[in-house]
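This report refers to the structure that appears directly beneath it.
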Amino acid sequence: MDTKLDPSRDDLPLMANTSHILVKHYVLDLDVDFESQIIEGTIVLFFESGNRFQKQSGSTKEPCRSESNEACRFRMPEPCHSPVTDTRTFSSKTRSNDFTICGKGEKDTSGKDGNHDNWEQASGISSSKYCCDTGNHGSEDFLLVLDCCDLSVLKVEEVDVAAVPGIEKLTRSPKLTVVSEELRNQIVCELVTLPADRWREQLDYYARCSQAPGCGELLFDTDTWSLQIRKTGAQTATDFPHAIRIRYSTKPQGRSVTWTSDQSGRPCVYTMGSPINNRALFPCQEPPVAMSTWQATVRAAASFVVLMSGENSAKPTQLREGCSSWHYYVTMPMPASTFTIAVGSWTEMKPETCSSNDLAAERSLSPSEADFRYVGICGHMEYPCRFQNPSATTQEIIPHRVFAPVCLKGACQETLLQLVPPCLSAAHRVLGTHPFSRLDILIVPGNFPSLGMASPHIIFLSQSVLTGNSHLCGTRLCHEIAHAWFGLAIGARDWTEEWLSEGFATHLEDVFWAKAQQLDPHEAQEQQELKACLRWCRLQDEVRNSPEEMQVLRPNKEKTGHVSDSGSSVVKHGLNPEKVFMQVHYLKGYFLLRFLAQRLGDDTYFAFLRKFVHTFHGQLILSQDFLQMLLENIPEEKRLELSVENIFRDWLESSGIPQPLQRERQAGAECGLARQVSVEVEKWIRMNRRPRKRKRRETEQVFEKLLPDQLVLLLEHLLEQKTLNPRTLQSLERAYRLTQQDAEVRHRWCELIIKHKYTKAYKDVERFLQEDQAMGIYLYGELMVSEDSRQQQVARRCFELTKEQMDRSSAQVVAEMLF
Ligand SMILES: [Zn+2]
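Position 97, counted from 1, in the sequence shown is what the UniProt record's numbering calls 97; the numbers after and before it change by one each time, with no gaps.
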């Protein structure tokens, strides 16, 4: 693996000047055309200017701003040269001076919801008179910088929100006689700050404003990573139009969406969690600090289903012949990077019979579980929050739908459908209130590069989780469900601290899954210990084989969360294609949380975790927010030598294996399930050594039935053997019916096949590389490394068959291995 990192290739720039102006709401209006593989339409952005947003998180009151301007490291944009040459200056004299009261100043400070923060009134906007960072664009106009890549921007214009009938109700001036920039901005300002209980009205106004006529084109320019917009004469963010409409189209090769075909061969398109997130889907403010709501109307041919991050369970509206329209919205502000869309000819899967699991939904809370039903105050900016809604807090199973290509109906009914209710219910028992009101689950096309992905209101699962028994499907589903809390409702303020979502989801996946299976405490502990054994092997392997600087969970150390004066920043290694395939952040984060839970005892730890969720949902956090609150909330005598500094040093800021973990594993963990595997491994090794003529006795050898995770461990142990003869491999496959097991087991089986050049089973490897692309790319490396021409042929043949469909990042990594 190449350890030399090229900054221009590895680091992901976040260009948006979120310190000057913030998007509060997006209205998307899009047409999806499968013929041309283009999504085309408009996006309207509603802004709030000034520094009101500087207090986003309850705990991190002062946003960190670094002295050095990191944005300077990027090529600065050329002067704007848009066709519009409006030299008329917009006199700064007309600039509104009363924006300080534009928040909630005079109204809506009704005492009962304490979220109308004082800082909104106190902060003022006076500091918003920034010149844009570039300094060299030849004018003193304010420059709006949006993250944007691979898009064709056709037109940018100001929206005349004052033209919307009835909009004057939002302003303090009774009649809209003189429509000025100032008035329009005042309207938007009132609109974006409407109180949470008026969310329906707010969404409706947003929709109507988005369709209002334009009132002047704006100058714009694009470069590799951004779209820059200015209005001649508008010198500050406050003067800049607060509602703008951008007409644009995506490009077929754009990196935010994948155009492909589903398992039934029909076309589809979806966002695949690209490293560049959604900036090739719509121009946006990418930094997580820009938390916004959105609504979208998407039109496609009537045979397609449009799924999206939206809290309403949308149904299509028939438009003109053969075309239908879908409308979704969210009322909880979230980073634009979490938005997801998928359009395809999917079918909603329903259980064949009503299952007994529905009964679980009726179960009421036991007194011990009720202790986390805090009602009332939340720490986030105002929105209609489920944590404040008593009927939402007790809902164990949220409404959900499952979509898949019709050819996977049987597989969905056998595994996935029965698993959703118990997994959702388990999550509720562990963490309490579901942060999102509903869920769609989609089985994505075969080229999806991972086993799953969670976005607000929608989970993507790979077809690979549908094979074998329910174990892999259940654990993965639990992992993605856990992201609703960690990753979505509570996001990382600094994307380099991704352990805050992945470490938590990995740790919680085991806990949820044990509850979903209704294991008794001993069984649950045994299974979790077995998982720890597997993850320990994996972590050691990853640490040996990945660049040191990419093994650090908090690489920015005390500079974590820092941004330039404009709000721009850089995500370290954010574009490194190998990073997608690394699990160090998952694994080290998982082991840290396991270590903490063991130190405190599960009861104390999970009671704390519920409290943490209650405090921080709807906000962005840094590692210290979690650790500080954890240590403050545990009694002195249980704290032992734990301190935030020690945890940073031992777990988050060093590469390699954390010392406390090393000590724990060396002490040797008791795991009955792993011991059972060792006994079986010995049997196989003895059998492998026996001369061929004693074959008859071998068949009498009795092998224990093993759990899927035990099978994985067994195969990993056998992978350490120098030689396994074809006879042994054949018996192994027969004894456990390996080709019918889940993808994790089959992956190890394929590794054995490759390592021991078991040519008879090469077809299993070929099948895996085509059907389990979510996991398949490691095997390409293994096929190439032995320099065996037959194996290399297998690799090249499979790549030839799949490369067109493969996502760009995977294809790039595989191509580097192969050629
Ligand atoms: Zn809340």
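Beta carbons are placed, not taken as given, at the ideal position from N, Cα and C, and that holds for glycine.
Please go through the same chain and pick out, in chain order, the residues whose beta-carbon is closer than 6 angstroms to the beta-carbon of residue i, but skip the five residues on each side of it.
i	result
A597	Y605
D117	Confidence in D117 is poor, its pLDDT being 32 and thus under 50, which makes the residue's placement unreliable; the coordinate value appears in the next sentence. Hits under 6 angstroms: none found.
S210	V27 and V44
F46	K24, H25, V188, V192 and A243
A607	none
A761	I753
H747	M775
K803	A811
V269	V257, W259 and V343
Cβ of residue i versus every heavy atom of ligand 1: is any distance shorter than 8 angstroms?
i	result
H434	no
G618	yes
R386	yes
H380	yes
Does the Cβ-Cβ distance between residue i and residue j come in under 9 angstroms?
i	j	result
G491	F504	no
T496	N556	yes
D147	K572	no
M582	F448	no
G618	G379	yes
P267	T260	yes
A427	A482	yes
T293	S325	no
H400	I341	no
E529	G589	no
P456	M332	yes
F240	I21	yes
L500	L419	no
Name the two residues that bound the continuous alpha helix (DSSP H) containing residue i.
i	result
T802	S789 to T802
C750	A743 to K755
D603	D602 to F616
residue 840	Because the chain spans 1 through 819 in this model, residue 840 falls outside it and cannot be assessed.
M806	No alpha helix (DSSP H) holds M806; DSSP gives it neither H nor E.
P390	P390 to T393
D541	P521 to N545
Q253	Q253 -> no alpha helix (DSSP H), and no H or E assigned at all.
R737	First-last for R737: undefined, no H or E at that position.
G672	G672 to R689
R386	That residue, R386, is in no alpha helix (DSSP H); it is neither H nor E in DSSP.
Which first and last residues belong to the beta strand (DSSP E) in which residue i is found?
i	result
W513	From DSSP, W513 is part of no beta strand (DSSP E) but of the alpha helix (DSSP H) over W499 to A516.
Q211	That residue, Q211, is in no beta strand (DSSP E); it is neither H nor E in DSSP.
F220	L219 to T222
A296	M291 to A301
I621	Q619 to I621
I481	Segment H471 to A482 is the alpha helix (DSSP H) holding I481; no beta strand (DSSP E) there.
A404	H400 to A404
Y26	I21 to D33
D565	From DSSP, D565 is part of no beta strand (DSSP E); its letter is neither H nor E.
A16	It is not in any beta strand (DSSP E) - A16 carries neither H nor E in the DSSP assignment.
Q228	S226 to R230
Taking only heavy atoms of ligand 3 into account, decide whether any of them is closer than 8 angstroms to the Cβ of residue i.
i	result
I341	No copy of ligand 3 occurs in the structure displayed; its ligands are ligand 1 alone.
On the premise that residue j lies in contact with residue i, defined as a C-beta separation below 8 angstroms, what is that separation, rounded to the nearest angstrom?
i	j	result
V192	E48	5 angstroms
W225	C149	6 angstroms
Q463	G446	6 angstroms
V681	L714	6 angstroms
Q235	E348	Rounded, the Cβ-Cβ distance is 53 angstroms, inconsistent with contact.
H756	L729	6 angstroms
Looking only at its chain, what residues have a beta carbon closer than 7 angstroms to the beta carbon of residue i, apart from the 5 residues adjacent to it on each side?
i	result
A815	none
E70	Caution applies to E70, whose pLDDT of 30 falls short of 50 and renders its modelled position unreliable; the value that the coordinates give is listed next. Answer for E70: S564, S568, S569 and V570, listed in chain order.
N278	S256, T271, C284, A336, S337 and F339
K515	A426, R429 and V430
N97	Note that N97 scores a pLDDT of 28, beneath 50, so its modelled location is shaky and nothing firm can be said.
L711	Y736, Q741 and V745
L408	Q263, I443, Q463 and L466
Q551	V543, V584, S655 and G656
Beta-carbon within less than 8 angstroms of residue i's beta-carbon, same chain only, minus the 5 sequence neighbours each way: which residues are those?
i	result
V84	Because V84 sits at a pLDDT of 32, beneath the cut-off of 50, its placement in the model cannot be relied upon, and the following sentence gives the value as read from the coordinates. E217, L218 and L219, listed in sequence order.
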